[in-house]
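Visitor: Dropping a structure here in structure tokens format, bear with me for questions.
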Amino acid sequence: MEARLNYFADPTAGRALKHIMTAGKTLKGSALPAATHELVALRVSQINGCAACVDMHTKEAAAAGETPVRLNLVAVWREATVFTEAERSALALAEEGTRVADAARGVGDEVWANALKHYDEEQLTALVMLVSFMNLVNRLNVITRQPAGSYEPGQFH
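In this note's numbering, each residue's number is its place in the sequence shown (first place is 1) plus 1151.
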């Protein structure tokens, strides 16, 4: 599979991606726990069908010490017992924040209140920004069919 566009060869895309990548690095260094960051990024990417991001975040999480069991169960986190209550609240927020058109209401009050129990304002801000960021990057990759499989941990960070 070949990508429809090479973002790194296009001058306009290159200028925009410079800022997008800076935003990604900023979020990676936020107060949100690293494991939560990767689990949320992976789940949003799974929902959006972004193969390149699923590849990236699976490998980043594994390199950071995430277990294969937890990585394999992200797609079915509701039925899995391997996630903390805080992680479950973040995954719920990520799903509703990604499926805004499906829910027709965005993130519900119950999901928001549950996230507030587990994250302070700085972490919650990072979580909301991460969900939004991942949806942006997923759309860039899905529209242009960016291929998956060759990502190396740390390649973009």
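Just so you know, even glycine gets a beta-carbon here, dropped at the ideal spot from N, CA and C.
#1: With H, G and I counted as helix, E and B as strand and the rest as coil, what does DSSP make of residue 1217?
#2: Can you give me the C-alpha to C-alpha distance between residue 1210 and residue 1194, rounded to a whole angstrom?
#3: Mind checking residue 1187: buried by the 16 CB within 10 Å criterion, or exposed?
#4: Let me know if residue 1159 comes out buried or exposed under the rule of 16 or more other beta-carbons within 10 Å of its beta-carbon.
#5: CA-CA distance, residue 1190 and residue 1242?
#6: Taking just the CA atoms, how far does residue 1263 sit from residue 1296?
#7: Just the Cα atoms here: how many angstroms apart are residue 1174 and residue 1183?
#8: Specify the secondary structure class of residue 1296 as computed by DSSP and reduced to three states.
#9: List the endpoints of the continuous alpha helix (DSSP H) containing residue 1165.
#10: Between the alpha carbons of residue 1267 and residue 1233, how many angstroms are there, rounded?
#11: Can residue 1286 be considered in contact with the ligand SAM, in the sense that its beta carbon sits closer than 8 Å to one or more heavy atoms?
#12: What do you get for residue 1208, buried or exposed, if any count of 16 or more other CB atoms within 10 angstroms of its CB means buried?
#13: So, with DSSP's three-state summary, where would you put residue 1284?
Guide: Looking at the atomic coordinates:
#1: As a first step, residue 1217 must be located in the sequence shown, where it is residue number 66. Coil at residue 1217, not helix or strand.
#2: The sequence position of residue 1210 within the sequence shown is 59, counting from 1. The sequence position of residue 1194 within the sequence shown is 43, counting from 1. Whole-angstrom Cα-Cα distance: 14 Å.
#3: To locate residue 1187, count along the sequence shown from 1; it is residue 36. Buried, because 16 or more other Cβ atoms sit within 10 Å of the Cβ of residue 1187.
#4: Translated into the one-based positions of the sequence shown, residue 1159 becomes position 8. Residue 1159 comes out exposed.
#5: Locating residue 1190 in the sequence shown gives position 39, counting from the first residue. Locating residue 1242 in the sequence shown gives position 91, counting from the first residue. Cα-Cα distance, rounded: 8 Å.
#6: Taking the sequence shown and counting its residues from 1, the one referred to as residue 1296 is at position 145. Taking the sequence shown and counting its residues from 1, the one referred to as residue 1263 is at position 112. Taking the straight line from one Cα to the other gives about 33 Å.
#7: For the purposes of this step, residue 1174 is taken as the residue at position 23 of the sequence shown. For the purposes of this step, residue 1183 is taken as the residue at position 32 of the sequence shown. Rounded to the nearest angstrom, the two C-alpha atoms are 14 Å apart.
#8: On the sequence shown, position 145 is the one that residue 1296 refers to. In this structure, residue 1296 counts as coil in the three-state DSSP scheme.
#9: Start at 1 with the first residue of the sequence shown, and residue 1165 comes out as number 14. Unbroken alpha helix (DSSP H) run through residue 1165: 1162-1179.
#10: Sequence index remark: in the sequence shown, residue 1267 carries index 116 (1-based). Sequence index remark: in the sequence shown, residue 1233 carries index 82 (1-based). If I take the Cα positions, the gap works out to 21 Å.
#11: Judged by which ligands are present, the structure shown has none, so any question about the ligand SAM falls away.
#12: For the purposes of this step, residue 1208 is taken as the residue at position 57 of the sequence shown. Burial call: buried.
#13: The sequence position of residue 1284 within the sequence shown is 133, counting from 1. Three-state DSSP puts residue 1284 in a helix.
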